[in-house]
Amino acid sequence: MGETWASIIRPGRRLFSRKFGPSEEEVRANLAGEASADAALALQESRVEPEPSPDTAPVPRDLTAAAFFDVDNTMVQGASIIHFARGLVARNYFDKSDLFEFAWQQVKFRLTGKENMNDVASGRDKALSFVQGRSTEELRRLGEEIYDDIIADKIWPGTRALAQMHLDAGQQVWLVTATPVELADVIAERLGLTGALGTVAESKDGVFTGRLVGDILHGLGKAHAVRALAIREGLNLKRCTAYSDSHNDVPMLSVVGTAVAINPDPDLRQVARTRGWEIRDFRTARKAAKVGVPTALGLGAAGGAVAVLVGRRRDRAA
Numbered sequence: 001m002g003e004t005w006a007s008i009i010r011p012g013r014r015l016f017s018r019k020f021g022p023s024e025e026e027v028r029a030n031l032a033g034e035a036s037a038d039a040a041l042a043l044q045e046s047r048v049e050p051e052p053s054p055d056t057a058p059v060p061r062d063l064t065a066a067a068f069f070d071v072d073n074t075m076v077q078g079a080s081i082i083h084f085a086r087g088l089v090a091r092n093y094f095d096k097s098d099l100f101e102f103a104w105q106q107v108k109f110r111l112t113g114k115e116n117m118n119d120v121a122s123g124r125d126k127a128l129s130f131v132q133g134r135s136t137e138e139l140r141r142l143g144e145e146i147y148d149d150i151i152a153d154k155i156w157p158g159t160r161a162l163a164q165m166h167l168d169a170g171q172q173v174w175l176v177t178a179t180p181v182e183l184a185d186v187i188a189e190r191l192g193l194t195g196a197l198g199t200v201a202e203s204k205d206g207v208f209t210g211r212l213v214g215d216i217l218h219g220l221g222k223a224h225a226v227r228a229l230a231i232r233e234g235l236n237l238k239r240c241t242a243y244s245d246s247h248n249d250v251p252m253l254s255v256v257g258t259a260v261a262i263n264p265d266p267d268l269r270q271v272a273r274t275r276g277w278e279i280r281d282f283r284t285a286r287k288a289a290k291v292g293v294p295t296a297l298g299l300g301a302a303g304g305a306v307a308v309l310v311g312r313r314r315d316r317a318a
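To convert, note that position 248 of the sequence shown is 248 in UniProt numbering; the numbers rise steadily by one, no gaps.
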């Protein structure tokens, strides 16, 4: 795609010298959202759809309504990037210390409910350095293998049922996540969903350049992506529904007519109560969730990763 705004904009430098106008963060979020919508539709169109069964009556399509689901801790138990990193470690793509770092960042996030921008930047840089020079086909193949090996067993049944409810009503169902769009699309395809909005890494001739288009798709970026997709698909956002576990997704939840908090962090739970949004919690460690510590599952996943890494280091030292 050649030079993009992502290669022009640099952290810490304002794009506009005038006092008023969008901030650099808003510009990057908008670029990320637009790119995500374009990539999501391109990936959806490239799929080979299975032939409908002659014994199944077609579902009448509801053309102006859709549902948007966050992925981590909403559709998938835990962080999809950690699951993917585990798969890469098993395939000798990543060093085990990187998995430890990813796990520790997720523990901090679940403990505080706040995104640490240094952690976000570190994760972004590591991800970009990993994909740089690799083909988009390779990333998708890895995503398919790792989904089948690890992620398939970590789908929240309750959230999956909600997605199916929208599909049965003839509505589109999209994932919206900071995970690379190629990996997010694999999850969507495996679940039988319409598609996925995710972070777009720039590629040229099918090979990743190591740069993002805009920024990681989170916060404002997700809201921009939903709006952009709605324009392209002719959706009425007032008839759409969004689901998330994180207060960082309040911008996305606020652009649709119906917002639902799934396994919410404490801040999102408070926002949901204030605004009258529905709350659904599929976790068993409800008390732990209320005081803002990771669920038993989250602690087990992160703690297990830490334990494995520490154990292996001890074995090497022995």
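Just so it is clear, CB atoms sit at the ideal spot from N, CA and C, and this is done for glycine as well.
Per-residue DSSP class, three states only, for residue i
i	result
V27	helix
residue 359	Residue 359 is absent from the model: the chain starts at 1 and stops at 318.
G21	coil
residue 402	This structure cannot speak to residue 402, because the chain is shown only from 1 to 318.
A57	coil
R275	helix
L142	helix
P264	coil
R280	strand
L229	helix
L212	strand
A201	strand
Identified DSSP bridge partners for residue i
i	result
W174	F68, G195
S135	V207
V76	D72, I155
T258	T241
P251	DSSP, once it has assigned bridges, lists no residue as partnering P251.
Cβ neighbours of residue i in the same chain (closer than 7 Å, five flanking residues each side left out)
i	result
V271	H247, V250
H218	A178, N248
Top-ranked residue by Cα proximity to residue i, from the options
i	options	result
T194	N73, H83, R61, F208	R61
L253	N92, D70, R280	D70
P264	R275, R280, V255, S36	R280
A178	I82, A65, S23, R47	I82
D245	Y93, R283, A169	R283
P180	D205, D149, G214	G214
D185	T136, T56, D149	T136
Own chain residues within Cβ distance below 6 Å of residue i, not counting five before or after
i	result
H166	A67, V173
R190	Y147
L220	A29, P251
A261	L268, A272, W277, I279
Beta-carbon proximity list for residue i, same chain, < 8 Å, skipping 5 on both sides
i	result
I155	M75, V76, Q77, L191
K290	Since pLDDT at K290 reaches only 39, below the 50 mark, its modelled position is unreliable, and the value read off the structure follows with that caveat. So the list reads P266, R269, once near-sequence residues are dropped.
R275	A259
ask   = Are the region 76-91 and the region 128-145 touching by the rule of at least three beta carbon pairs closer than 8 Å?
value = Because the criterion of three Cβ pairs below 8 Å is met, the region 76-91 and the region 128-145 touch.
message = Taking 8 Å as the cut-off, does the region 197-210 touch the region 151-168 (at least 3 CB pairs, one atom from each stretch)?
response = Judged by Cβ distances under 8 Å, the region 151-168 makes no contact with the region 197-210, as fewer than three pairs qualify.
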